[in-house]
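Numbering of the sequence shown is given in the working numbering, commencing with residue 1 and proceeding in unit increments. In this text, a Cβ means the ideal position worked out from N, Cα and C, and glycines have one as well.
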Amino acid sequence: MDNYSEAVKTNTEVKDKKFVPTIESLLKRKPIQMPQEIYNASGIKVFGKRIKSLIYTTDLAIIKNNNADGVIAVYPFTPQIAINQAIIELSSTPVFVGVGGGTTTGQRSIDIALNAELTGAYGVVLNAPTKNELIFEMKERLDIPIIITIVSEKEDFESRINAGASIFNVSGGANTAKIVRQIREKHPNFPIIATGGPTPESISETIKAGANTITYTPPAVGDIFSEMMEEYRYRIINNLENKNK
Numbered sequence: 001m002d003n004y005s006e007a008v009k010t011n012t013e014v015k016d017k018k019f020v021p022t023i024e025s026l027l028k029r030k031p032i033q034m035p036q037e038i039y040n041a042s043g044i045k046v047f048g049k050r051i052k053s054l055i056y057t058t059d060l061a062i063i064k065n066n067n068a069d070g071v072i073a074v075y076p077f078t079p080q081i082a083i084n085q086a087i088i089e090l091s092s093t094p095v096f097v098g099v100g101g102g103t104t105t106g107q108r109s110i111d112i113a114l115n116a117e118l119t120g121a122y123g124v125v126l127n128a129p130t131k132n133e134l135i136f137e138m139k140e141r142l143d144i145p146i147i148i149t150i151v152s153e154k155e156d157f158e159s160r161i162n163a164g165a166s167i168f169n170v171s172g173g174a175n176t177a178k179i180v181r182q183i184r185e186k187h188p189n190f191p192i193i194a195t196g197g198p199t200p201e202s203i204s205e206t207i208k209a210g211a212n213t214i215t216y217t218p219p220a221v222g223d224i225f226s227e228m229m230e231e232y233r234y235r236i237i238n239n240l241e242n243k244n245k
């Protein structure tokens with residue numbers, strides 16, 4: 001049997017007292033796995049797809065090598081149609097793309113958002129400084145969810161909802177769980193995406209506070225490659241030492 005055939009394995013995992021058959025292979029497995037704690041979230045159903053995890057990246061290699069339910073592609077530069085199209089076309093899962101709201105605003109943001117919808121995006125993400133007038137105008141043009149970023153518990157949540165926001169994207173650093181909890185007190189059923197933080201405990205806390213979907217920031221490609229090279233060096237040195245014995 002060749003190496004590829006040997007690499008294909010079928011395992012059975014126990015999850016929530018249910019047996020989950022798991023099929024993996026050496027070449028098809030996803031190196032970047034979502035933390036198990038994320039699967040305790042309820043998820044948000046968007047166009048029939050239940051999304052519990054979103055990977056926060058614009059790196060095409062990472063987008064093709066993870067097991068998240070979707071991609072949230074927001075970057076600290078002027079939104080560009082070419083970047084959004086490349087990510088949407090490459091991803092095998094739903095993509096939510098950034099369309100500005102801060103420096104980039106007005107008709108330009110609306111045009112980028114409309115193009116994203118026509119290209120296949122599942123939703124568009126607006127930055128925290130976005131004015132309610134822009135949300136309202138965009139809502140008139142789009143048929144996909146508008147996700148507004150929330151960074152403080154002092155924001156006027158009601159005005160965002162009334163303007164046409166479909167989902168909140170809470171990104172409050174260490175205060176994320178606190179913000180989510182405050183939103184939940186006033187809006188028990190409003191969809192919330194939130195950053196989960198770097199630890200299993202912080203992810204669980206955010207979900208317990210009321211987040212439906214968790215965004216996960218993966219390690220950088222350079223860090224992943226560095227670990228791989230370290231492993232290669234170890235193997236080669238080991239093999240050479242064994243040969244010289």
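Beta-carbon gap between residue i and residue j smaller than 8 Å
i, j, result
"THR215", "THR195", "yes"
"ILE207", "ALA163", "no"
"ILE55", "ALA41", "no"
"THR105", "PRO218", "no"
"LEU60", "LEU90", "yes"
"LYS52", "TYR39", "yes"
"ILE88", "GLY120", "yes"
Outcome for residue i when other beta-carbon atoms lying within 10 angstroms are tallied against a minimum of 16
i, result
"ARG141", "exposed"
"GLY98", "buried"
"THR103", "exposed"
"GLU24", "exposed"
"PHE96", "buried"
"GLU230", "exposed"
"ALA177", "buried"
"SER5", "Note that SER5 scores 49 on pLDDT, short of 50, meaning its location in the model is unreliable; the coordinates nonetheless yield the value given after this. By the 10 Å Cβ count, SER5 comes out exposed."
"ASN3", "Low local confidence applies: a pLDDT of 49 at ASN3 is under 50, so the model's placement there is unreliable, with the coordinate-based value given in what follows. Classification of ASN3: exposed, given that the 10 Å Cβ count is below 16."
"LYS64", "exposed"
"PHE168", "buried"
"PRO188", "exposed"
"GLU205", "buried"
"PRO21", "exposed"
"ARG233", "exposed"
"ARG235", "exposed"
"GLY222", "exposed"
"ALA165", "buried"
"SER226", "exposed"
"SER171", "buried"
"LYS243", "exposed"
Near the ligand ADP: residue i beta-carbon under 7 Å from a heavy atom
i, result
"ALA177", "Ligands in the displayed structure: none, and consequently the ligand ADP is not present."
Supposed close pair residue i, residue j - CB separation, criterion 8 Å
i, j, result
"GLY210", "ILE183", "7 Å"
"ILE72", "PRO191", "Not confirmed; about 14 Å, so no contact."
"GLY101", "PRO76", "Contact flag wrong, Cβ pair sits at about 13 Å."
"ILE179", "GLU158", "With 8 Å as the limit, ILE179 and GLU158 do not qualify as a contact, their Cβ atoms being about 15 Å apart."
"ILE81", "ASN132", "Rounded, the Cβ-Cβ distance is 25 Å, inconsistent with contact."
"GLY70", "PRO94", "4 Å"
Kindly provide the ranges of any beta strand (DSSP E) runs that are 3 or more residues long and lie completely inside the stretch 142-215, ordered along the chain. 146-150, 167-170, 192-195
In chain order, which continuous runs of the alpha helix (DSSP H) of length 4 or greater are located wholly inside the stretch 74-144? 81-90, 106-119, 132-141
Tell me whether the stretch 195-209 and the stretch 22-29 touch, counting them as touching only if at least three CB pairs, one residue from each stretch, are closer than 8 Å. no
Inter-stretch contact (C-beta, 8 Å, three-pair minimum) for the stretch 105-124 and the stretch 139-156: yes
Decide yes or no for the touch test of the stretch 124-134 against the stretch 147-155: beta carbon pairs closer than 8 Å, at least 3 of them. yes
Ignoring anything shorter than 3 residues, give me the beta strand (DSSP E) runs that lie fully in the stretch 10-49, in order along the chain. 18-24, 44-46
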